[in-house]
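Residue numbers (my numbering): 135 to 456.
Built from N, CA and C at the ideal position, the CB exists for glycine as well.
To start, the structure itself, in structure tokens.
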Ligand SMILES: [Mn+2]
């Protein structure tokens, strides 16, 4: 499980010989982006290294409890770095311009679990079978012969919990459970992490969810179901697009539903349509019809019109695809 592959040996050598480290991840960071960054930061800081964490977008509120989250920079400090770790990005450009265009970074190390991530680093540790980027950070620490301390364990556990959908997704492999088990043994409290991640919703988000669900629509055959958020709903509840994360899971969770849809008004007369398939229907084909993109199970596009028109167009297209 923690076989030492050449990339890990090279990364350990870089850690050994370098002194100033920058750690960054992707735009709109999720708990794996934040958790893997802070796990590595806590580990390197405990080894006496000079560590700076920079994220081009703010740390989400549900990750603010992680050790060193209060030390994350939102602007890249004017400083030279021997090494920059770029974690979980999928594509280099998602690290943001400040990183990709920086001339103050010596060497890039790319650590990721996204399939097809480019080899933009001097060293690239990419394992698409890893449940989370945080699992790769764990492997590096173990390969160095070190134990994971509590602050680092908290970050790793949180990242893995989130990227496996609380061990619901198919990437919940033996390694994910083994690492999680070890982190719990280090003192991580499963309920505390759950409470921070999932039981600390802002009130306006739940108020918005109530309105989104009030427009729940199910196709006559019960295979397609949607929820909706309009600009008026934001106004009524004081919420923003950031509050709509995972709303699409509600129509998806209905028995018999094959495709869940989320209609989100982005400007007057323009809707962003999100699709989630349970596997039978290739939703990228539906979104492509409207000029959008995506994958077999998750896709999106923009469609112009009133809500009624957009819903009719998209539901109609789904029926025709059978
Ligand atoms: Mn990830």
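- In the DSSP assignment, the residues bridged to residue 241 are 217.
- Counted as a single uninterrupted DSSP element, the beta strand (DSSP E) harbouring residue 257 occupies residues 257-260.
- Buried is the label assigned to residue 314, since at least 16 other Cβ atoms lie within 10 Å of its Cβ.
- Between residue 348 and residue 445 the beta-carbon gap is near 14 Å, outside 8 Å, which marks them as no contact.
- 397 is the residue among 368, 443, 371, 397 whose C-alpha sits nearest the C-alpha of residue 382.
- Excluding sequence positions up to five before and after residue 320, its CB lies within less than 7 Å of the CB of 282, 284, 287, all in the same chain and listed in chain order.
- DSSP places residue 303 in the coil class of the three-state scheme, outside both helix and strand.
- Assigned with DSSP and collapsed to three states, residue 283 falls in coil, not helix or strand.
- Checking the DSSP bridge columns, you'll see residue 157 partnered with 187, 219.
- Segment contact: the region 297-313 against the region 189-208, fewer than three CB-CB distances shorter than 8 Å; contact not assigned.
- Minimum Cα-Cα distance from residue 452 among the listed residues 154, 197, 418, 216 corresponds to 418.
- If you draw a 10 Å sphere on the C-beta of residue 270, you find 16 or more other C-beta atoms in it, and that means buried.
- Close CB contacts of residue 180 within its chain, under the 7 Å cut and outside five residues either way in sequence, are with 283 (chain order).
- Cβ neighbours of residue 236 within its own chain (closer than 7 Å, five residues either side excluded): 210.
- Non-local beta-carbon contacts of residue 275 in its own chain, meaning distances under 6 Å to residues more than five positions away in sequence, involve 177, 282 in chain order.
- No heavy atom of ligand 1 is found nearer than 7 Å to the CB of residue 307.
- Cβ-Cβ separation between residue 189 and residue 169: approximately 12 Å, too far for a contact (criterion under 8 Å).
- Counting along the chain, residue 171 sits inside the alpha helix (DSSP H) bounded by residues 165-180.
- With a cutoff of 8 Å on beta-carbon distance, residue 261 and residue 160 are scored as not near each other.
- By alpha-carbon distance to residue 332, the top candidate from 220, 365, 362, 380 is 380.
- About 7 Å separates the CB atoms of residue 256 and residue 243; that is less than 8 Å, so the two are in contact.
- Our two residues, residue 400 and residue 434, have alpha carbons roughly 13 Å apart in a direct line.
- Taking every protein chain shown into account, the CB of residue 426 has 16 or more other CB atoms within 10 angstroms, so this residue is buried.
- Distance from the CA of residue 147 to the CA of residue 412, rounded to the nearest whole angstrom, comes to 43 Å.
- Secondary structure of residue 360 (DSSP, three-state): strand.
- In the DSSP annotation of this structure, the continuous segment of the beta strand (DSSP E) that includes residue 398 starts and ends at 393-401.
- Ranking 421, 414, 416, 390 by CA distance to the CA of residue 405 puts 421 first.
- Shortest Cα-Cα distance from residue 290 to any of 187, 306, 310 involves 310.
- A distance of 8 Å or more separates the beta carbons of residue 295 and residue 142.
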